[in-house]
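Participant: Before we start, here is the structure in question, set down as structure tokens.
Number of protein chains: 2
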Amino acid sequence: MSHENEENKVRYRRTQSVTRAEEITKKESKQRRSQPDKPCHQPRDSLFSWSSGFNNFTGLVNWGFLLLTMGGFRLVLENFIKYGIRVDPVQWFVVLTGRNEGEGHPSLLLIFYSIVPILICLIVEKGLAADILMESAGMIVHVINIVVLVLIPMVVIHVKGQTFSLVGAMTVCFIYCILFLKMWSYVQVNLWCRTRYKHRRSRSGRRQSISIAQLQNEREHEQERTSNGNGTIPNKEKDAVPKLVHYPDNLHLKDFFYFLLAPTLCYELNFPRTSRIRKRFLIKRILEVVIGVHIVMGLFQQWMIPSVRNSLVPFSNMDLTKTAERLLKLAIPNHLMWLCFFYLTFHSFLNLMGELLHFSDRNFYSDWWNANNIDTFWRSWNMPVHKWCVRHLYIPVVELGYSKISASVIVFFISAFFHEYLVSVPLKTFKIWAFMGMMAQIPLSTVSKFMEVNYGHRWGNIVVWTSIILGQPLAIMMYYHDYMITNYSDVVA
Amino acid sequence: MSHENEENKVRYRRTQSVTRAEEITKKESKQRRSQPDKPCHQPRDSLFSWSSGFNNFTGLVNWGFLLLTMGGFRLVLENFIKYGIRVDPVQWFVVLTGRNEGEGHPSLLLIFYSIVPILICLIVEKGLAADILMESAGMIVHVINIVVLVLIPMVVIHVKGQTFSLVGAMTVCFIYCILFLKMWSYVQVNLWCRTRYKHRRSRSGRRQSISIAQLQNEREHEQERTSNGNGTIPNKEKDAVPKLVHYPDNLHLKDFFYFLLAPTLCYELNFPRTSRIRKRFLIKRILEVVIGVHIVMGLFQQWMIPSVRNSLVPFSNMDLTKTAERLLKLAIPNHLMWLCFFYLTFHSFLNLMGELLHFSDRNFYSDWWNANNIDTFWRSWNMPVHKWCVRHLYIPVVELGYSKISASVIVFFISAFFHEYLVSVPLKTFKIWAFMGMMAQIPLSTVSKFMEVNYGHRWGNIVVWTSIILGQPLAIMMYYHDYMITNYSDVVA
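Going down the list, the sequences are from chains A and B.
For my numbering, count along the first sequence from 1 and bump the result up by 39.
For my numbering, count along the second sequence from 1 and bump the result up by 39.
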């Protein structure tokens, strides 16, 4: 502080002397200009001196991005020189369709099998709504059904591991995870509705004058009121205001499948809808998905596989310098692929599904690239999962009477479990790197908040980016290393 | 255009429907919120969709600079893994002091010899001022003196090439170039002053009543008037207004040497001066020079030499892909070194000299990093040379009656000559790559202006940066290639 004060004083003194000096300079320069030697000098500071007050360095942003582009282009050239062209669309076809799977395509079978838990879920809901099933019995069936759903891929892939391709196993795990979350949401929302519905019915039962048919009538009347209430809306658009669906009218297969296909994990009875499919928008998204998948596959074969392979030996030997070099080399293609993957999944694919299904809430991601701390990043990069966690886990746990901290911890652990699940089950190596990676978010969050508070938003944002760019390749190297040790230990040794 | 119009119309239509839809949504959402299924969706666009109007991507600037830093760090690691530590201060000492020069340190001798043309110049000026020498005879001596000055290093280094170290030869050429420019300026300014002085004296001679002593008196009176005229300035500062030196009082060794040491190439009789030496400023600049030189030397040994060496074979074989890869690999260290060199020379060293000599015009560089075209860059990166060119070449040529274009061409060719001189003479390979490099600035300038006009400032600036980053390593590769072919042709073949 005292140093700063001193500098300020010096600056002040200098400013004073400058103004007085200016008077002198004015007279002097007038006199000097009349001299025959054509003077061309005048007292000035260099631009880099802080006393010059100059601070226009906008050109350096162009400089940075130019260096980045050139560095990237050089890496591409180097890659082609070292490895030649490795892109091979035939291989993609084999990997994607699971041609190297065992007879009968076990992944496809498992995906088709998922219709069974879905139907069980719907039937139980119907039974509960019609009072055929007891509330507690229905819930027990639901819980067993959902837990079994998650366990199926684990067990099947573990037992019949050899017949699964990696991509097939990953797809199965991914789809079963999403089904788990969606069915949880479906059951919970229907429970909320049923509670209200039965509460009303029992109240009307107490009054004894209103029959169930009357209640039905009342509901229809309510619907009519809401749709007629909008007097300002012209006739044509009146039809655009959809009549709301009420419990238990929602319990049919079409509605359930719409929810299972819709780009959201949170069930509700009346999703906001668009009035039409924008054809140009749809075509753009389809093109993005088709071209983007090819780019990601090409990058993966050409750039990612050699980098991961090269990282194995230094990582195995615990050679720190070489490991760091490999990590940084792997970080760039991995990060680019992650960005492509993010855009393809969260923008192109989910918007495509939304457009096709007339689903109008497209809030699939928030501006995580500006996130100033790790917490904000996790809250904004994957909105469907974030919304599900808040609506179906955090708030219910808090409403049960637990503290907010315990609710956060529960959300966090379940999230860590699913990260581990999505990686370990397809790789058939039950390591805990993904789980540890999620755990590492706690100290990282502290660090990023500390940086944000003490050094400003920029540094919080830089910590977030660093963890994104470096965290993933580190995890990939660990998994690849362990995978190779397990399956081809002779090569590494 | 029609496509854009269509998009605008679509946008307009959408905005209209949005406002109408908002009314519906408001009522609808109120109604929906009362539902028991706790709705959490609402119609929204994804942030990447242009219809969302979102444009906050500030985090991406951090992302860019982070990737740049990480890429740089990886290159450093890769370099250490490949080449080990090559930094060797003993070698710097040998190179800098010219220990590997022949007996008698020919570079040092040549530098000391420069006192001879300096003294000749001053003596001729004195003779001219005292009317001992004829004007035309004096000018002929001056021209011969200055031309010989430039030729000396050329001839000596060519004849006794083996005894010179590269750094020694470069230093000699550099110092002789600067001397050439400074002496030209000195002679020309004194010519301007002498013309006015003799014009006045002849006028007073015509009047015949005023003796030279009286003229002297008049001048002193004028000086007194100017220093007394500043009535507003307090006594203490009255002394701060320096009395102006008039021709021919400036013609003595001390004044000439001050000019030769001062960080400018343009002579004038009364340089603007600072009142005191800022000690903290001076210490900072000294530290920068000392530490900076070590960093540049270290970078050169560790990074530059291996990159240049590795570039030789692909360049020789005309393998385009590999040459491009090598060029980009060389570009990064070369560019960093150039930036260090620029800062050290134009900020640290020239400010150091200025501070020591109380020289107050520190305008050694302008903001070339923001330059939007090549011309602006050349006008702003090296202010001393730019000022010299304008004052002593461009304006005099224009005043002689030539067009501005021919004046520019003359400036350009002399500049190209000195670039070639500074490279070819020390390397003893008279190739024309530096000259061609300067010539390439003409089409480049057209390109950069085209980009600036058609695509905006940003693209002009990017062209400037590209030419800086890629042009130099290309020239270095060419010179190194030719140097090796000439001296070690068996290795390359």
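Cβ atoms here follow ideal geometry from the backbone N, Cα and C, with glycine treated the same way.
Grab me the residues of L86 of chain B's own chain with a C-beta within less than 7 angstroms of its C-beta, minus the 5 sequence neighbours each way, in chain order.
Facilitator: In the second sequence, the residue the question calls residue 86 of chain B occupies position 47. So the list reads F93, once near-sequence residues are dropped.
Participant: Check whether chain B comes within 8 angstroms of A514 of chain A, counting only Cβ atoms and requiring the distance to be less than that.
Facilitator: Position 475 of the first sequence holds residue 514 of chain A. With respect to chain B, the C-beta atom of A514 of chain A has no partner C-beta closer than 8 angstroms.
Participant: Between the region 212-231 of chain A and the region 151-164 of chain A, do three or more beta carbon pairs fall short of 8 angstroms?
Facilitator: yes
Participant: To which residues does DSSP link R83 of chain A through a beta bridge?
Facilitator: Residue numbering aside, residue 83 of chain A sits at position 44 when the first sequence is read from its first letter. The partner list for R83 of chain A (beta bridge, DSSP) reads B:D400.
Participant: Within 10 angstroms of the Cβ of M173 of chain A, are there 16 or more other Cβ atoms? Answer buried if so, exposed if not.
Facilitator: Against the first sequence, residue 173 of chain A aligns to sequence position 134. It is exposed - the Cβ of M173 of chain A has fewer than 16 other Cβ atoms within 10 Å.
Participant: What whole-angstrom Cβ distance do F28 of chain B and L389 of chain B have, given they're in contact under 8 angstroms?
Facilitator: The displayed coordinates of chain B run from 40 to 532. Any statement about residue 28 of chain B would go beyond what the structure contains.
Participant: Would you please verify whether the beta carbon of Y404 of chain B is less than 8 angstroms from any beta carbon of chain A?
Facilitator: Sequence index remark: in the second sequence, residue 404 of chain B carries index 365 (1-based). Closer than 8 angstroms to some Cβ of chain A, the Cβ of Y404 of chain B qualifies, so yes.
Participant: At a CB-CB cut-off below 7 angstroms, which residues of chain A make contact with I120 of chain B?
Facilitator: Here residue 120 of chain B refers to the residue found at position 81 when the second sequence is read from its first residue. Per Cβ cutoff of 7 angstroms: T360, K361, E364.
Participant: Could you check whether the region 289-299 of chain B touches the region 341-361 of chain B, counting it as contact only if at least three pairs of C-beta atoms, one from each stretch, sit closer than 8 angstroms?
Facilitator: no
Participant: Closest by CA to M336 of chain B, which one among B:R324, B:P372, B:L351?
Facilitator: Translated into positions along the second sequence, residue 336 of chain B becomes position 297. Among B:R324, B:P372, B:L351, the Cα nearest to that of M336 of chain B is on B:P372.
Participant: Taking C232 of chain A and Y286 of chain A to be in contact with their CB atoms under 8 angstroms, please state how far apart those CB atoms are, rounded to whole angstroms.
Facilitator: The residue labelled residue 232 of chain A in the question sits at position 193 within the first sequence. The residue labelled residue 286 of chain A in the question sits at position 247 within the first sequence. Right, the Cβ-Cβ distance comes to about 4 angstroms (below 8 angstroms), so this counts as a contact.
Participant: Quick check on P78 of chain A - is its C-beta less than 8 angstroms from some C-beta in chain B?
Facilitator: Taking the first sequence and counting its residues from 1, one reaches residue 78 of chain A at position 39. It does; some Cβ of chain B falls within 8 angstroms.
Participant: Could you check whether the Cβ of V198 of chain A sits closer than 8 angstroms to any Cβ belonging to chain B?
Facilitator: Looking up residue 198 of chain A in the first sequence gives position 159. Judged by the 8 angstroms Cβ criterion, V198 of chain A is not in contact with chain B.
Participant: Within 10 angstroms of its Cβ, does L283 of chain A collect 16 or more other Cβ (buried), or is it exposed?
Facilitator: Working through the first sequence from its first residue, we reach residue 283 of chain A at position 244. Its Cβ being crowded by 16 or more others within 10 Å, L283 of chain A is buried.
Participant: Buried or exposed for I179 of chain A, going by 16 or more other Cβ atoms inside 10 Å?
Facilitator: Position 140 of the first sequence, counted from the start, is the residue given in the question as residue 179 of chain A. It counts as exposed.
Participant: Under a Cβ-count criterion, where at least 16 other Cβ atoms within 10 Å of its own Cβ denotes burial, should E459 of chain A be classed as buried or exposed?
Facilitator: By one-based count along the first sequence, residue 459 of chain A stands at place 420. E459 of chain A is buried by the Cβ-count criterion.
Participant: Using a Cβ-Cβ cut-off of less than 7 angstroms, list which residues of the region 419-439 of chain B approach chain A; keep chain order.
Facilitator: K426, R430
Participant: If you compare alpha carbons, which of A:N101, A:C79, A:S73 is closest to W407 of chain B?
Facilitator: In the second sequence, counting from the first residue as 1, residue 407 of chain B sits at position 368. Measuring from the Cα of W407 of chain B, the nearest candidate turns out to be A:N101.
Participant: In angstroms, rounded to a whole number, what distance separates the CA positions of Y494 of chain B and I413 of chain B?
Facilitator: If you number the second sequence from 1, residue 494 of chain B lands on position 455. If you number the second sequence from 1, residue 413 of chain B lands on position 374. Computed Cα separation, rounded: 15 angstroms.
Participant: Report the residues of the region 288-314 of chain A with a CB closer than 8 angstroms to any CB of chain B, ordered along the chain.
Facilitator: T303, C305, Y306, E307, L308, N309, F310, P311, T313
Participant: Please classify H386 of chain A as buried or exposed, where buried requires at least 16 neighbouring CB atoms within 10 angstroms.
Facilitator: As a first step, residue 386 of chain A must be located in the first sequence, where it is residue number 347. Answer is buried; the Cβ neighbour count reaches 16.
Participant: Decide if V186 of chain B is buried, meaning its Cβ has at least 16 other Cβ atoms within 10 Å, or exposed.
Facilitator: As a first step, residue 186 of chain B is located in the second sequence; it is residue number 147 there, counting from the start. It counts as exposed.
Participant: So what's F317 of chain A in DSSP terms, helix, strand or just coil?
Facilitator: Translated into the one-based positions of the first sequence, residue 317 of chain A becomes position 278. Looking at the sequence shown, residue 317 of chain A is not Phe but Arg. Correct three-state label for R317 of chain A: coil.
Participant: Could you tell me the distance, in whole angstroms, from the CA atom of T202 of chain A to the CA atom of Q130 of chain A?
Facilitator: As a working note, residue 202 of chain A is residue 163 in the first sequence. As a working note, residue 130 of chain A is residue 91 in the first sequence. Spanning the alpha carbons of T202 of chain A and Q130 of chain A requires a straight line of approximately 18 angstroms.
Participant: Would you say G177 of chain A reaches chain B, if we count a Cβ-Cβ gap shorter than 8 angstroms as a contact?
Facilitator: The sequence position of residue 177 of chain A within the first sequence is 138, counting from 1. It does not; no Cβ of chain B falls within 8 angstroms.
Participant: Checking contacts by CB at 8 angstroms: is M109 of chain A closer than that to chain B?
Facilitator: To locate residue 109 of chain A, count along the first sequence from 1; it is residue 70. Cβ-Cβ to chain B under 8 angstroms: yes for M109 of chain A.
Participant: For F473 of chain B versus V462 of chain B, is the C-beta distance shorter than 8 angstroms?
Facilitator: Taking the second sequence and counting its residues from 1, the one referred to as residue 473 of chain B is at position 434. Taking the second sequence and counting its residues from 1, the one referred to as residue 462 of chain B is at position 423. Note that residue 473 of chain B is Ala in the sequence shown, not Phe. Going by C-beta atoms, A473 of chain B is nearer than 8 angstroms to V462 of chain B.
Participant: Does chain A have any CB closer than 8 angstroms to the CB of Q341 of chain B?
Facilitator: If you number the second sequence from 1, residue 341 of chain B lands on position 302. By this cut-off, Q341 of chain B is not an interface position.
Participant: Examine the ligand FMN and report whether any of its heavy atoms sits within less than 7 angstroms of the Cβ of T485 of chain B.
Facilitator: Annotation note on the ligand FMN: not contained in the displayed structure, which lists no ligands.
Participant: Taking the alpha-carbon of W427 of chain B as reference, which of A:P75, A:G331, A:V492, A:C79 has the nearest alpha-carbon?
Facilitator: Numbered from 1 along the second sequence, position 388 holds the residue referred to as residue 427 of chain B. Closest by alpha carbon: A:C79.
Participant: Kindly indicate if chain A contains any beta-carbon less than 8 angstroms away from that of N95 of chain B.
Facilitator: Counting from one through the second sequence, the residue named residue 95 of chain B turns up at place 56. So yes, N95 of chain B belongs to the interface.
Participant: Considering only the beta carbon of each residue, do T360 of chain B and I120 of chain A sit closer than 8 angstroms?
Facilitator: Position 321 of the second sequence, counted from the start, is the residue given in the question as residue 360 of chain B. Position 81 of the first sequence, counted from the start, is the residue given in the question as residue 120 of chain A. Result yes, Cβ atoms of T360 of chain B and I120 of chain A sit closer than 8 angstroms.
Participant: With distance defined between alpha-carbon atoms, name the residue in B:R235, B:S146, B:K318 nearest to G200 of chain B.
Facilitator: Position 161 of the second sequence, counting from 1, holds the residue named residue 200 of chain B. Considering only alpha carbons, the answer is B:S146.
Participant: Got a sec, what are the start and stop residues for the alpha helix (DSSP H) T415 of chain B sits in?
Facilitator: For this step, residue 415 of chain B is matched to residue 376 along the second sequence. Element bounds for T415 of chain B: 413-419.
Participant: Along the region 230-241 of chain B, where does the CB come closer than 7 angstroms to a CB of chain A? Name the residues.
Facilitator: W231, C232, R235
Participant: Measure the alpha-carbon distance for F339 of chain A versus V448 of chain B and round it to whole angstroms.
Facilitator: Position 300 of the first sequence holds residue 339 of chain A. Position 409 of the second sequence holds residue 448 of chain B. Answer to the nearest angstrom: the Cα atoms are 53 angstroms apart.
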